[in-house]
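Protein chains: 2
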Amino acid sequence: MVTLRQVAERAGVSIKTVSRIVNGDPAVNVKTRDFVQVHLQNLNYIPNQAARQMRGAVSTVYGLMTDAVATTPYSVDIVRGAQAALIEKHQTLLIASTDGDAAREAELWQTFRSHRVAGVIYAAMFHKAHEVGNPAYDQSIILANCFAPNNDRPSILPDDEQGGYTQAKHVLKLGHRRIGVITLSLDIVATKLRRQGMQRAFNEAGVSYNLANERRGVVGLLDNQTLVIFEVATEMFKSHNRPTAIICGNDQIAMQVYSAAASMGLIIPHDLSVIGFDDLKLISETLRPQLTTVALPYYEIGHRAVELSISAREQDENFAPRILIPCPLIERKSCRKLS
Amino acid sequence: MVTLRQVAERAGVSIKTVSRIVNGDPAVNVKTRDFVQVHLQNLNYIPNQAARQMRGAVSTVYGLMTDAVATTPYSVDIVRGAQAALIEKHQTLLIASTDGDAAREAELWQTFRSHRVAGVIYAAMFHKAHEVGNPAYDQSIILANCFAPNNDRPSILPDDEQGGYTQAKHVLKLGHRRIGVITLSLDIVATKLRRQGMQRAFNEAGVSYNLANERRGVVGLLDNQTLVIFEVATEMFKSHNRPTAIICGNDQIAMQVYSAAASMGLIIPHDLSVIGFDDLKLISETLRPQLTTVALPYYEIGHRAVELSISAREQDENFAPRILIPCPLIERKSCRKLS
DNA sequence: CGTGTCTTTGACAACGTTGTCATTTGTTAA
DNA sequence: TTAACAAATGACAACGTTGTCAAAGACACG
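This is how it looks when you write it as C-alpha cells:
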C-alpha cells in the first residue's frame with residue numbers, strides 16, 4: 001500500500017505537505033497542490049484509516065448488532081435505512097449478529113469496542129424489550145425496534161398502538177361491524193399494543209371490541225411456531241354470522257386468510273375484506289387482489305437510529321428518548337366499502 | 340480507552356509483558372500472568388484494532404459489497420452465510436451497498452481499501468454477470484451470486500441449470516406430460532440456464548419441450564416490473580388442454596398461480612401441481628398447501644464465498660474458479676403423482 | 001533598506017501496538 | 001562455586017498519520 005511518505009518522496013515535498021493536500025487544507029500553494037495531486041493519482045494513494053484513527057480522529061465506523069435468528073427477511077430494511085443514513089455522512093457499517101446468544105453478544109461488544117466504533121445500533125427483529133448485555137461501552141448505543149426494560153437508552157420503535165388503531169379505523173370507516181381479528185403470538189409486545197389501538201378505534205366508533213372475535217394465528221413457542229391461520233379462518237367463515245372483514249397481525253397471516261377464503265369460495269374483497277400488517281411487498285403486492293395493509297417503517301427506523309446515534313454523542317448520559325415512528329396505511333384492493 | 344501502558348503502570352510491569360499476556364504468549368511466568376490478568380479485568384482492557392493493524396498485522400475485517408437495489412429480501416441469506424463463516428474465524432464484516440450505482444461502487448472500493456480489508460465479497464441480488472468497477476485492489480475479491488464477464492475472478496453461483504433440471508425432472512417423474520412453464524424475465528441469466536436444465540430433463544424423459552407452453556410471468560424492465568402471472572395462468576387454465584403441472588420461475592410466481600387456480604376452482608395439488616423456485620420460507624411454508632420448490636442455496640453461497648476469500652489469499656492471481664452450488668428439491672404438498 | 005506580517009513548508013512527536021534484540025534472573029551441570 | 005544455559009522481562013523502534021510549532025520565504029510599508 002502506498003503511504004504518504006512514498007508520495008512525498010516522489011513529489012519531493014514533505015510528508016506533512018502531502019497530508020495537507022489529501023485533507024484539503026487551504027494553507028498550501030496552488031502550484032504545489034496541483035503538482036502533488038498528480039503523484040497522488042499516479043501512485044493511487046488511499047489514506048490508511050487505521051493510522052488516522054490511531055492518531056486520535058473520531059472513528060468513521062458504526063456498529064450494527066442484530067439478534068437475527070429469524071428466517072424472516074422482515075427487517076433487512078432496518079439495515080438498509082441505517083446504511084443510507086451512514087453513506088450520507090461518509091461513514092461505514094460494521095455488522096454482526098448475535099443469533100440470540102448472550103455469550104455471542106458479549107463477544108461482539110468486545111469486538112465493537114476493539115474497533116472503537118463511533119456508535120452502535122442494536123436492532124431487534126421484532127418489537128420487544130432488550131436488555132443490552134453489559135457492553136461496558138462508553139459510546140452511544142441506540143436501540144432500534146426494541147427498547148430497554150427500564151427506559152434508560154434511546155430507542156426507535158414502530159408505533160404499534162397507532163398501527164392497530166389505523167387498521168381498525170380503516171375497516172370501521174368502510175362500514176364493517178362484524179370484524180374478525182387474527183393476531184400474532186401474545187408474547188409479542190406489538191400484539192398487545194395493536195390491540196389497544198384497535199380498541200381505541202372501536203370505542204371511537206361506538207362499537208364494542210369483542211374478544212371472542214380475536215384469535216391467535218400461531219401456536220407454539222416463539223422460535224418454533226406453527227401457523228394455524230388457515231384452520232382458524234376457515235372456522236370463522238363457517239359461522240352463520242361470519243365476519244365481513246379480517247384484521248391480520250401481519251401479511252403472512254393475510255396470505256393464509258386468502259387461501260382459506262378461496263377454499264370456501266369467498267371472493268376478496270366482495271365477500272370479505274382483509275387488512276394486513278408489515279407491508280412486505282413480496283406478499284402485499286403479489287397477492288391477488290393486492291393487499292391493503294399497514295406498513296412497518298423499518299427503513300425509517302434504521303435511518304433514524306443512525307441519526308440519533310450521531311446526535312446522541314453530544315448529549316448527556318441521561319439522554320434516552322423513546323421515539324415512535326408512525327405506521328402508515330397502504331391502501332390497495334383487499335378492502336371494500338359496505339353500502 | 341484503557342491502553343497497554345495504563346495496565347502496565349498499574350501492574351508495575353512493562354508494556355511488552357502485558358502485550359504478551361494479552362496475546363497468550365507462553366513465554367511469561369505464570370505468577371506474573373495471573374497478577375496482570377486481574378488488572379486487565381479491572382481496567383477492562385480491550386486491544387485497539389487500529390493500532391494492531393498499523394503494526395502490520397493482517398486485517399480482521401472483510402468487506403461485503405452488494406448491489407441491493409431490490410426491495411426483495413431474497414438474498415439476506417448470503418449475508419447471513421458470510422457472517423457465520425466469519426464468526427468462526429473471529430473476523431468481522433464491513434458492509435455497504437452500491438444501490439447499483441457505479442460511482443458509489445467506486446467510492447466503496449476506496450473505502451474498503453482505506454480500511455485495508457482482508458478481502459471483499461461482491462454479492463449480487465440475482466444471478467448475473469458483473470464487471471467489478473476498477474477496484475485497483477490487491478486483495479482477494481470473490482463474486483457471490485454473480486460472475487465476471489471474462490471469468491477472471493473466483494465466483495460462487497447457484498447451479499441454475501441443475502435447478503431447472505430438478506424442477507422438470509420432479510414433475511415428469513410424477514407422470515405429468517402437459518406442463519406449463521412461467522418464467523422470470525429472459526434478461527436474467529438464471530432463466531436461460533434453467534430452461535436448458537428443463538430441456539435436458541424433458542429429453543431424458545423422451546418428451547419434447549414445447550416453447551408454446553412457456554410464458555413470461557413479468558413484463559417491463561428489470562427495475563420496474565409488473566407481474567402478469569395471474570393473467571397468464573388464468574389463460575393457461577382456460578385451455579381445453581390445460582396443463583396438469585406448472586413450473587414456476589420463483590415462489591412469488593407460484594403464489595399468483597395459487598390465486599389464479601383458486602379463482603378458477605382448481606384444487607392444488609388435485610387438479611394442478613405447482614413447483615416453485617427459491618424456497619422463500621415466508622411463501623413456501625405459508626401457502627396452503629405448502630409449496631414444493633427448489634431452494635436457492637444463498638446461505639451456502641455466502642458461506643463458501645468467505646471460505647474461498649480466505650483461501651484465495653494463498654493462491655496466485657490467476658486463481659478464478661467458478662463454483663456451482665446445487666439447488667436441492669424441497670418436497671412439500673403442492674405436487675401430486677398422476678396415476 | 002529594515003521591519004513587520006502573512007503565506008507556505010517542514011521537523012518532530014505522539015497515537016497503541018508488537019517484533020527484535022538485549023538484559024536480567026533463575027537453573028543446571030561441572 | 002562457577003560457567004553455561006534457559007526463562008522471563010524490558011527498551012526501543014517502527015507502522016502511517018496529523019497536531020504543534022518553528023522556520024523560511026514572500027510581500028508591503030515606512
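Residue numbers (the working numbering), protein chains in the order written: chain X, 1 to 339; chain Z, 340 to 678. Just so you know, even glycine gets a beta-carbon here, dropped at the ideal spot from N, CA and C. Fair warning: this is a prediction, and the values are worked out from it, not measured in the lab.
Query - Start and end residues, beta strand (DSSP E) containing D617 of chain Z - result: Annotation for D617 of chain Z: the continuous beta strand (DSSP E) segment containing it runs 612-617.
Query raised in the report: Taking buried to mean at least 16 other C-beta atoms within 10 Å of its own C-beta, is M340 of chain Z buried or exposed?
Result: Exposed is the call here.
Requested in this report: Determine, using beta carbons only, whether R332 of chain X comes closer than 8 Å to chain Z.
Outcome: With 8 Å as the cut-off, R332 of chain X does not count as an interface residue toward chain Z.
**Report entry** Where the beta strand (DSSP E) containing E553 of chain Z begins and where it ends
**Finding:** Counting along the chain, the unbroken beta strand (DSSP E) around E553 of chain Z starts and ends at 553-555.
Query raised in the report: For a contact meaning CB atoms closer than 9 Å, what does L186 of chain X contact in chain Z?
Result: Going along chain Z, no residue has its Cβ under 9 Å from L186 of chain X, so there is no contact; the nearest lies around 20 Å.
Query raised in the report: Could you give the residue range of the beta strand (DSSP E) that holds F126 of chain X?
Result: 119-129 is the extent of the beta strand (DSSP E) around F126 of chain X.
Query raised in the report: Roughly how many angstroms lie between the CA atoms of K192 of chain X and P158 of chain X, to the nearest whole one?
Result: In this model, K192 of chain X and P158 of chain X are separated by some 13 Å (Cα to Cα).
Query - Chain-order list of residues whose beta-carbon lies under 8 Å from that of V7 of chain X (same chain, five-residue window excluded) - result: Taken in chain order, the residues that qualify are V18, V36, H39, L40, L43, Y45.
Query - Any non-hydrogen atom of the ligand ADP within 7 Å of D618 of chain Z CB - result: Ligands in the displayed structure: none, and consequently the ligand ADP is not present.
Requested in this report: From the DSSP output, read off the bridge partner residues of C248 of chain X.
Outcome: In DSSP, C248 of chain X forms a bridge with X:I182.
Query - Interfacial residues, the stretch 381-406 of chain Z to chain X, with Cβ spacing under 7 Å - result: Taking a C-beta cut-off of 7 Å against chain X, the contacting residues of the stretch 381-406 of chain Z are N383, I385, P386, N387, Q388, A389, A390, Q392, M393, listed in chain order.
Query raised in the report: Using a Cβ cut-off of 8 Å, which residues of the stretch 448-472 of chain Z contact any Cβ in chain X, in chain order?
Result: Here the close residues are Q449, T450, R452, S453, H454, R455.
Query - Proximity winner among Z:A445, Z:A350, Z:F569, relative to K370 of chain Z (alpha-carbon distances) - result: Looking from the CA of K370 of chain Z, the closest CA among Z:A445, Z:A350, Z:F569 belongs to Z:A350.
Query raised in the report: Taking the DSSP output, what are the residues bridged to A407 of chain Z?
Result: Answer by DSSP bridge pairing: none, since A407 of chain Z is not bridged.
Query raised in the report: What are the partner residues of T292 of chain X, as DSSP defines its beta bridges?
Result: Residue pairing for T292 of chain X: DSSP places it in a beta bridge opposite X:I275.
Query - Top-ranked residue by Cα proximity to Q226 of chain X, from X:L184, X:L282, X:V306 - result: Going by the sequence as given, residue 226 of chain X is Thr instead of Gln. Of the listed residues, the one whose Cα sits closest to T226 of chain X is X:L184.
Report task. Using a cut-off of 9 Å between C-beta atoms, extract the partners of L433 of chain Z located in chain X. Result -> Result: V61, T92, L93, L94, I95.
Report task. Measure the Cβ-Cβ separation of Q506 of chain Z and V633 of chain Z and say whether it is below 8 Å. Result -> Closer than 8 Å, so yes.
Query raised in the report: What is the DSSP secondary structure of T565 of chain Z, reduced to helix, strand or coil?
Result: Strand.
Query - Cα-Cα separation, Y637 of chain Z to H454 of chain Z - result: Here the C-alpha atom of Y637 of chain Z lies approximately 27 Å from the C-alpha atom of H454 of chain Z.
Query raised in the report: Does the beta carbon of L621 of chain Z sit closer than 8 Å to a beta carbon anywhere in chain X?
Result: L621 of chain Z counts as touching chain X.
Query raised in the report: Run through DSSP, which three-state label would Y45 of chain X get?
Result: Y45 of chain X falls in the coil class under three-state DSSP.
Requested in this report: Could you work out which residue in Z:L668, Z:N549, Z:S398 is closest to L433 of chain Z when comparing CA atoms only?
Outcome: Each of Z:L668, Z:N549, Z:S398 was checked against the Cα of L433 of chain Z, and the nearest Cα belongs to Z:S398.
Report task. Using the DSSP secondary-structure output, state which residues sit across from L338 of chain X in a beta bridge. Result -> Answer is none; L338 of chain X lacks a bridge partner.
Report task. State the Cα-Cα distance for the pair A441 of chain Z and H469 of chain Z, rounded to the nearest angstrom. Result -> A441 of chain Z and H469 of chain Z have their alpha carbons spaced roughly 11 Å apart.
Report task. Report the neighbours of L172 of chain X on chain Z: residues whose CB is nearer than 7 Å to its CB, in chain order. Result -> What L172 of chain X touches in chain Z: nothing, since even the nearest Cβ is about 27 Å away.
Query - From X:F112, X:R195, X:T98, X:V13, residue whose alpha carbon lies closest to that of V400 of chain Z - result: The shortest C-alpha separation from V400 of chain Z is found at X:F112.
Query raised in the report: If you check the beta carbons only, do G641 of chain Z and A421 of chain Z fall under 8 Å apart?
Result: When the beta-carbon positions are compared, G641 of chain Z and A421 of chain Z come within less than 8 Å of each other.
**Report entry** Interface residues of chain X facing A601 of chain Z [CB-CB closer than 7 Å]
**Finding:** By Cβ distance, chain X contributes A262.
Report task. Following the continuous beta strand (DSSP E) through I323 of chain X, name the residue where it begins and the one where it ends. Result -> Element bounds for I323 of chain X: 322-325.
Report task. Using DSSP bridges, identify the partner residues of V400 of chain Z. Result -> Answer is Z:T431.
Query raised in the report: If you drop the 5 nearest sequence neighbours on each side, which residues of the same chain put their C-beta closer than 6 Å to that of A124 of chain X?
Result: Taken in chain order, the residues that qualify are D67, H130, N145, C146.
Query raised in the report: Which residues in the same chain have their Cβ closer than 7 Å to the Cβ of I259 of chain X, if we skip the five residues on either side of it in sequence?
Result: Looking at the sequence shown, residue 259 of chain X is not Ile but Ser. Residues of the same chain with a CB within less than 7 Å of the CB of S259 of chain X, apart from the 5 flanking positions on each side, are F230 in chain order.
Query raised in the report: Rounded to whole angstroms, how far is the Cβ of A233 of chain X from the Cβ of Q256 of chain X, which I believe are closer than 8 Å?
Result: Sure, about 7 Å apart at Cβ, within 8 Å.
Query raised in the report: According to DSSP, is I607 of chain Z helix, strand or coil?
Result: In the structure shown, I607 of chain Z sits in coil (DSSP, three-state: anything other than H, G, I, E or B).
Query raised in the report: Is R319 of chain X helix, strand or coil by DSSP?
Result: One detail in the question is off: residue 319 of chain X reads as Phe in this sequence, not Arg. Three-state result, F319 of chain X: coil.
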